[in-house]
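A.B. asks: Numbering (our numbering), first residue to last: 1 to 159.
Each residue gets a CB set at the ideal place from its N, CA and C atoms; glycine is no exception.
Keep in mind the model is a prediction, meaning the values are calculated, not measured.
1. Taking the alpha-carbon of residue 106 as reference, which of 8, 32 and 144 has the nearest alpha-carbon?
2. Taking the alpha carbon of residue 76 as the point to measure from, which residue in 51, 139, 154 and 116 has its own alpha carbon closest?
3. Taking the beta carbon of residue 147 as the centre, do at least 16 other beta carbons fall within 10 Å, making it buried, or is it exposed?
4. Do residue 33 and residue 66 count as a contact pair if the criterion is CB distance below 9 angstroms?
5. Count the CB pairs spanning the segment 92–106 and the segment 121–135 that are closer than 8 angstroms, and state whether there are at least three.
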């Protein structure tokens with residue numbers, strides 16, 4: 001909130017002026033999914049298995065999270081939580097309605113996928129789970145309509 005991400009020093013690391021940024025020696029990387037993939041690649045782990053099909057499935061869920069899931073979760077979080085803490089006025093009911101529609105569409109897809117397995121890929125905890133779950137961090141305080149999605153809620157509790 002202080003604007004540190006717009007300083008010349010930070011913009012030299014990430015010209016988009018956003019967080020997170022990882023600096024590993026001379027190597028600089030931004031965007032959370034790229035960062036967690038890089039970190040998980042440093043050691044053998046089931047979070048980022050060393051086979052192309054598993055990695056492709058993980059990346060598929062991460063892409064879905066960025067392109068579809070967040071279109072419902074982020075506006076709900078902004079309108080029903082962020083605006084309040086930043087004193088930005090009342091929530092926009094039209095934005096909430098549109099985001100809720102998107103949220104329900106994508107939450108249904110996620111809930112259906114989780115009906116037969118505990119995690120998103122290979123039925124084990126992977127980076128996909130962390131990426132998708134990250135959008136639920138403020139689900140309670142931002143009043144996400146999670147009630148109809150028992151499998152999603154159980155999965156998030158496991159995460």
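C.D. replies: If we stick to the structure as given:
1. Out of 8, 32 and 144, 144 has the C-alpha closest to the C-alpha of residue 106.
2. Answer by Cα proximity: 139.
3. Around the CB of residue 147, fewer than 16 other CB atoms lie within 10 Å, so the residue is classed as exposed.
4. Contact: yes.
5. By the Cβ test, the segment 92–106 is not in contact with the segment 121–135, since fewer than three Cβ pairs between them sit closer than 8 angstroms.
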